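Below is one structure, written out as structure tokens; comments come after it.
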Ligand SMILES: Nc1ncnc2c1ncn2[C@@H]1O[C@H](COP(=O)(O)OP(=O)(O)O)[C@@H](O)[C@H]1O
Ligand SMILES: [Mg+2]
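In the working numbering, the protein residues as written are 6 to 303.
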């Protein structure tokens with residue numbers, strides 16, 4: 006909507022996990038390197054955890070791009086609220102297995118055939134499961150069994166990447182998943198951005214959208230965006246997108262704290278230190294007239 010006004014080629018703060026907009030923070034760089042290394046190491050399970058909106062799906066999309074570029078076969082399950090029957094159906098569909106997808110035995114037979122064929126050609130095969138914290142115990146058990154498929158000469162035949170919210174770690178601590186847990190070769194986790202990373206992240210997205218030097222978000226606004234988003238990329242995107250829209254509406258190319266307050270109010274955003282708005286007439290912020298400090302706005 007505001008792209009032409011700011012001179013963007015595309016929306017800089019789209020909420021979709023698009024690898025083209027990847028900001029290589031040290032932890033995202035490390036997570037991606039781990040995912041790629043883990044796939045090639047052929048040793049077992051790789052687990053990626055992080056709070057909502059920290060970039061897990063984005064990492065998986067980057068891994069998907071890598072696997073496609075390397076012609077490595079993979080199944081990508083992004084819906085984890087499935088039963089075992091649906092689980093095998095989705096694997097069969099993604100890996101283009103020639104079998105009746107209704108029968109688990111047939112899917113397993115065809116899968117085994119594909120895995121050995123790929124391994125014989127020096128290639129590995131990957132199963133990626135996003136939102137894995139939602140997986141049913143039954144499906145987790147099937148995944149554990151798939152992780153057992155092995156050939157003495159070729160190593161593990163299926164590399165399994167599980168990504169999910171921190172609850173996934175707790176789930177994997179369950180006694181019945183002891184064996185799976187023992188076979189996790191790599192674990193990585195994503196944490197919120199620091200202030201410096203948050204600023205670089207915003208500049209990086211703006212640059213990719215066509216604004217080489219950012220002057221839309223002044224330093225004071227950037228600091229508050231970091232505080233209020235708590236460094237979570239998805240929230241940073243939402244705040245910046247709404248701020249740009251607000252600025253566009255009043256035809257200015259520089260955002261302000263007042264705009265941020267309005268945006269946070271509309272988003273009903275909570276953050277540490279946010280205080281309840283005091284009744285009108287009781288404000289005593291000590292600020293110059295016409296300006297309420299962000300802390301006093303709510
Ligand atoms: N390193 C990153 N570079 C670019 N965008 C990112 C990065 N990390 C997160 N994002 C963005 O933040 C939003 C949430 O990321 P997502 O991968 O969906 O998080 P999660 O899967 O952990 O909930 C998306 O819009 C995504 O594009
Ligand atoms: Mg996700």
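Backbone N, C-alpha and C define an ideal beta-carbon position, used for all residues, glycine too.
Please read these numbers as outputs of a predicted model, since none were measured by experiment.
Worksheet item: In whole angstroms, what is the alpha-carbon distance linking residue 257 and residue 7?
Response: 11 angstroms
Discussion item. To test your reading of the DSSP string, which unbroken beta strand (DSSP E) runs of 3 or more residues are found completely within the segment 67-109?
Written reply: 78-82
Discussion item. Given the structure, does residue 62 come close to ligand 2, in the sense that its CB is under 8 angstroms from one of the ligand's heavy atoms?
Written reply: yes
Worksheet item: Cβ-heavy atom distance between residue 197 and ligand 2 below 8 angstroms?
Response: no
Practice prompt. Identify whether residue 11 lies in helix, strand or coil by the three-state DSSP scheme.
Written response: helix
Worksheet entry | residue 55 classed as buried or exposed, judged by whether at least 16 other C-beta atoms fall within 10 angstroms | buried
Worksheet item: So which of 113, 165, 182, 231 has the shortest CA-CA distance to residue 191?
Response: 165
Worksheet item: For the candidate residues 209, 244, 253, 136, whose alpha-carbon lies nearest to that of residue 25?
Response: 209
Practice prompt. Please go through the segment 184-228 and give each complete beta strand (DSSP E) segment of 3 or more residues, from N-terminal end onward.
Written response: 189-195
Discussion item. I need the DSSP call for residue 274, collapsed to helix, strand or coil.
Written reply: coil
Practice prompt. Quick one: grab the DSSP three-state call for residue 135.
Written response: coil
Practice prompt. Could you say if the segment 136-152 and the segment 165-184 meet the contact criterion of at least three C-beta pairs nearer than 8 angstroms?
Written response: yes
Fill in: Reduced DSSP category for residue 163 - H, G, I as helix; E, B as strand; rest coil
strand
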